[in-house]
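Protein chains: 2
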Amino acid sequence: MAQLTIWTNAFLDPDARQHLLQATREHRLLTASSTDNVLAKGVPDPTMQEADIAFGQPDPEMIATCPRLRWVQISSAGYARYDTGVIRALVAAGKLQMTNSSWVYAEPCAQHALAFILANTRQLHAAYDVQRTTHAWAHLEIRARSRLLARQTIFLAGFGSIGSRLAELLAPFGATVYGLRRRRQSLAHVELITVDDLPAALAAADHVVNLLPDDPSTRLFFNAARFEQFKPGAGYYTIGRGTTTDQDALLAALRSGRLAAAYLDVTEPEPLPPDHPLWSAPNCYVTPHSSGGHADESERLVEHFLHNLHRFERQQPLENQILR
Amino acid sequence: MAQLTIWTNAFLDPDARQHLLQATREHRLLTASSTDNVLAKGVPDPTMQEADIAFGQPDPEMIATCPRLRWVQISSAGYARYDTGVIRALVAAGKLQMTNSSWVYAEPCAQHALAFILANTRQLHAAYDVQRTTHAWAHLEIRARSRLLARQTIFLAGFGSIGSRLAELLAPFGATVYGLRRRRQSLAHVELITVDDLPAALAAADHVVNLLPDDPSTRLFFNAARFEQFKPGAGYYTIGRGTTTDQDALLAALRSGRLAAAYLDVTEPEPLPPDHPLWSAPNCYVTPHSSGGHADESERLVEHFLHNLHRFERQQPLENQILR
Numbered sequence: 001m002a003q004l005t006i007w008t009n010a011f012l013d014p015d016a017r018q019h020l021l022q023a024t025r026e027h028r029l030l031t032a033s034s035t036d037n038v039l040a041k042g043v044p045d046p047t048m049q050e051a052d053i054a055f056g057q058p059d060p061e062m063i064a065t066c067p068r069l070r071w072v073q074i075s076s077a078g079y080a081r082y083d084t085g086v087i088r089a090l091v092a093a094g095k096l097q098m099t100n101s102s103w104v105y106a107e108p109c110a111q112h113a114l115a116f117i118l119a120n121t122r123q124l125h126a127a128y129d130v131q132r133t134t135h136a137w138a139h140l141e142i143r144a145r146s147r148l149l150a151r152q153t154i155f156l157a158g159f160g161s162i163g164s165r166l167a168e169l170l171a172p173f174g175a176t177v178y179g180l181r182r183r184r185q186s187l188a189h190v191e192l193i194t195v196d197d198l199p200a201a202l203a204a205a206d207h208v209v210n211l212l213p214d215d216p217s218t219r220l221f222f223n224a225a226r227f228e229q230f231k232p233g234a235g236y237y238t239i240g241r242g243t244t245t246d247q248d249a250l251l252a253a254l255r256s257g258r259l260a261a262a263y264l265d266v267t268e269p270e271p272l273p274p275d276h277p278l279w280s281a282p283n284c285y286v287t288p289h290s291s292g293g294h295a296d297e298s299e300r301l302v303e304h305f306l307h308n309l310h311r312f313e314r315q316q317p318l319e320n321q322i323l324r
Numbered sequence: 325m326a327q328l329t330i331w332t333n334a335f336l337d338p339d340a341r342q343h344l345l346q347a348t349r350e351h352r353l354l355t356a357s358s359t360d361n362v363l364a365k366g367v368p369d370p371t372m373q374e375a376d377i378a379f380g381q382p383d384p385e386m387i388a389t390c391p392r393l394r395w396v397q398i399s400s401a402g403y404a405r406y407d408t409g410v411i412r413a414l415v416a417a418g419k420l421q422m423t424n425s426s427w428v429y430a431e432p433c434a435q436h437a438l439a440f441i442l443a444n445t446r447q448l449h450a451a452y453d454v455q456r457t458t459h460a461w462a463h464l465e466i467r468a469r470s471r472l473l474a475r476q477t478i479f480l481a482g483f484g485s486i487g488s489r490l491a492e493l494l495a496p497f498g499a500t501v502y503g504l505r506r507r508r509q510s511l512a513h514v515e516l517i518t519v520d521d522l523p524a525a526l527a528a529a530d531h532v533v534n535l536l537p538d539d540p541s542t543r544l545f546f547n548a549a550r551f552e553q554f555k556p557g558a559g560y561y562t563i564g565r566g567t568t569t570d571q572d573a574l575l576a577a578l579r580s581g582r583l584a585a586a587y588l589d590v591t592e593p594e595p596l597p598p599d600h601p602l603w604s605a606p607n608c609y610v611t612p613h614s615s616g617g618h619a620d621e622s623e624r625l626v627e628h629f630l631h632n633l634h635r636f637e638r639q640q641p642l643e644n645q646i647l648r
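Those protein sequence lines, which keep their order, are chains A and G.
Note that my numbering numbers the first sequence so that position 304 is 304, with each residue one more than the last.
Start counting at 1 in the second sequence, then tack on 324, and there's your number in my numbering.
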């Protein structure tokens, strides 16, 4: 097996970094001087010029300038900043493979989405409001506002790796689950529908989970006209990217009560500025883009990279390929 | 089919009451003058003397005094106040059947327990603390404290209808699940263990879910000695009855940090007094005995009663029999 030069700026905890060093000791591992967190854009790093493989968040502009670079594994699930004509052309010409880390993030994101849905149906934030204020025993109100998922309809707007995993987690609840995709299809736990079916799906859904990626076709996808199509009293959840929600329209839908609640893990911009009205909008609950996070995130990023490295060494197809 | 006299003090919303009236129109339905909420003890009502069947929360002392009474369906899952020598003797003699509504409550309680567990692993309350105070974007801290259930061990202390349903809901997560019961047994999604195995189970569990009913053997079951056996940093969840937790020991375990968090749906007493220290203990989250609540609770109580009434009319075995 030929020695490969692997460049990385992935943000890893010390144990995971040690694992990566150990497992790639037959190759040459170059670490960028600046490694930032998983969601930050990497800065250009001259040592990447020598790399056969890049792992982390390499500067998108630099990718085409690295003569030996044959494979880039992004340490995130989202890859909007790599979706350029130049990179797509390199991939189409067979000169570069691009992969992401959706295997790492599908699981925590699906669990986060289910945590949001159950926090809504079990009224956990309403109970916590009481706990932090009056200490009243708001027993009858909170019981009456709680709901069983078995009699609910859940619409997954975007049905990739997160949506597919979320449908598996939802299966034992007996809810009706729809997923949005390019083609209609009936799967075991979910009925896939298309944009043509959207008005009916939005009107039927008790819970709308926005899992859309960021691309030109999805920006402000959930706008005032679409919120108008929601079932009154529905819950709205965002796990994908903040750009896919028209936040002014969302605020209006929360203030009018048309939406009973919104649970947002992504916003535009991020961080959400401290004076942004979404922080204090009625029944609006924000987590700080933490849906993909988990204590063993670094370790699983490395596991996923090593899994693909093993396949790359054997010229097997890589998993989680993107931009093809 | 002989006409039966059905007495009820079940607390029902108007639609469910209408359904009950309609579906029992061939019998005689007597409604107590006072119908209270599902968890309150009913008051003695003289019209119950005429009943063949009682549905709701009849006064336990009155049950033995009603000459025609052959079946009582309790409108709750817990039935500690009906567990008397007199009632057990009537059941043992074949003069009375006692049933509860665990079919109605197993589902919402299991969903509530999973909502608690996921709120913990996804750090929803920590994020809400930030939202209600600084509006900081506590991205790295909250991601690092989030966890995947696939690498966690969950111990269900008490494995009846709620535990069994919770194990089904947990199945797709791939967590390791243990349940406490009288006999060891391996089921599809859960390994049943006995009290003899308790120290090892508590030491292994990342999440301990207390689903114990209230009876003399379970009072203060989770005491200081048992909290000492917990894995440091475990989460504790109560869905059963408040009497099964030594709350002073729980407070100490939260204050020392031995328990990372407690999510309590039941307390002793209820309502929890406004000045009770559990309201403000570190990482302690209280819901007001709402785990069994759901918007269609009345309707499902009636459905379950009518299902058993249908069986009673045909002399078929009733479901959810208790005190046998």
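Beta carbons: idealized from backbone N, C-alpha and C, even for Gly.
Chain G contact for residue i (CB, 9 angstroms cutoff)
| i | result |
| --- | --- |
| D246 of chain A | no |
| Y178 of chain A | no |
| Y128 of chain A | yes |
| A241 of chain A | A quick correction: the sequence has Arg, not Ala, at residue 241 of chain A. No, no contact with chain G. |
Proximity test, Cβ basis, 9 angstroms: residue i and chain A
| i | result |
| --- | --- |
| G617 of chain G | yes |
| S470 of chain G | yes |
| S614 of chain G | yes |
| P606 of chain G | no |
| H634 of chain G | no |
| D440 of chain G | Here residue 440 of chain G is Phe; the residue named in the question, Asp, does not match the sequence. With 9 angstroms as the cut-off, F440 of chain G counts as an interface residue toward chain A. |
| W427 of chain G | no |
| D520 of chain G | no |
| H707 of chain G | Here chain G covers residues 325 to 648 and nothing more, so residue 707 of chain G does not appear. |
| H531 of chain G | no |
Where residue i meets chain A, residues with beta-carbon distance less than 8 angstroms
| i | result |
| --- | --- |
| F497 of chain G | Q111, L169 |
| E431 of chain G | L148, A150 |
| Q455 of chain G | W279, Y285, V286 |
Beta-carbon spacing of residue i, residue j below 9 angstroms
| i | j | result |
| --- | --- | --- |
| R649 of chain G | P384 of chain G | Since the first residue of chain G shown is 325 and the last is 648, residue 649 of chain G is not available in this structure. |
| D530 of chain G | T562 of chain G | no |
| D13 of chain A | S291 of chain A | no |
| A439 of chain G | I486 of chain G | no |
| Q229 of chain A | L202 of chain A | yes |
| L535 of chain G | Y502 of chain G | no |
| N333 of chain G | N644 of chain G | no |
| T244 of chain A | L272 of chain A | no |
| L442 of chain G | I377 of chain G | no |
| S164 of chain A | A106 of chain A | yes |
| N547 of chain G | L583 of chain G | no |
| H613 of chain G | H139 of chain A | yes |
| I74 of chain A | I322 of chain A | yes |
| G484 of chain G | S426 of chain G | yes |
Integer-rounded CB distance, given that residue j should sit under 8 angstroms from residue i
| i | j | result |
| --- | --- | --- |
| L184 of chain A | I193 of chain A | The question names Leu, but residue 184 of chain A is Arg in the sequence shown. About 6 angstroms; that satisfies the 8 angstroms criterion. |
| V428 of chain G | Q421 of chain G | At roughly 18 angstroms, the Cβ-Cβ gap does not stay under 8 angstroms, so V428 of chain G and Q421 of chain G are not in contact. |
| H449 of chain G | Y560 of chain G | About 14 angstroms; that fails the 8 angstroms criterion. |
| P432 of chain G | G617 of chain G | 6 angstroms |
| F636 of chain G | L642 of chain G | 6 angstroms |
| T153 of chain A | A204 of chain A | 5 angstroms |
| T591 of chain G | L575 of chain G | With a Cβ gap of about 12 angstroms, T591 of chain G and L575 of chain G do not count as contacting. |
Beta-carbon neighbours of residue i, restricted to chain A and to distances below 9 angstroms
| i | result |
| --- | --- |
| W395 of chain G | Within 9 angstroms Cβ-Cβ: nothing; W395 of chain G doesn't reach chain A, min ~26 angstroms. |
| D620 of chain G | R147, L148, R151 |
| A334 of chain G | Chain A residues near A334 of chain G: none, gap ~15 angstroms exceeds 9 angstroms. |
| H463 of chain G | N37, L39, E270, P271, P288, H289, S290, G293 |
Proximal residues of chain G, C-beta to C-beta of residue i below 8 angstroms
| i | result |
| --- | --- |
| I142 of chain A | T611, P612, S614, G617 |
| E61 of chain A | Chain G residues near E61 of chain A: none, gap ~26 angstroms exceeds 8 angstroms. |
Within chain G, partners of residue i - CB distance below 7 angstroms
| i | result |
| --- | --- |
| D15 of chain A | Per Cβ cutoff of 7 angstroms: no residues; D15 of chain A is ~13 angstroms from chain G at best. |
Paired residues, beta bridge with residue i - DSSP
| i | result |
| --- | --- |
| W71 of chain A | A:I53, A:Q97 |
| G503 of chain G | G:L480, G:L516 |
| I330 of chain G | G:L353, G:I377 |
| I531 of chain G | Correcting the residue type first, residue 531 of chain G is His in the shown sequence and not Ile. For H531 of chain G, which the question treats as bridged, DSSP gives the partners G:I478, G:G559. |
| V286 of chain A | A:L264 |
| F554 of chain G | Paired residues: none, contrary to the question. |
| S510 of chain G | G:E515 |
Chain-ordered neighbours of residue i on chain A, where CB pairs are closer than 7 angstroms
| i | result |
| --- | --- |
| R446 of chain G | Q111, H112, A115 |
| H459 of chain G | P274, W279 |
| A443 of chain G | A115, A119, L124 |
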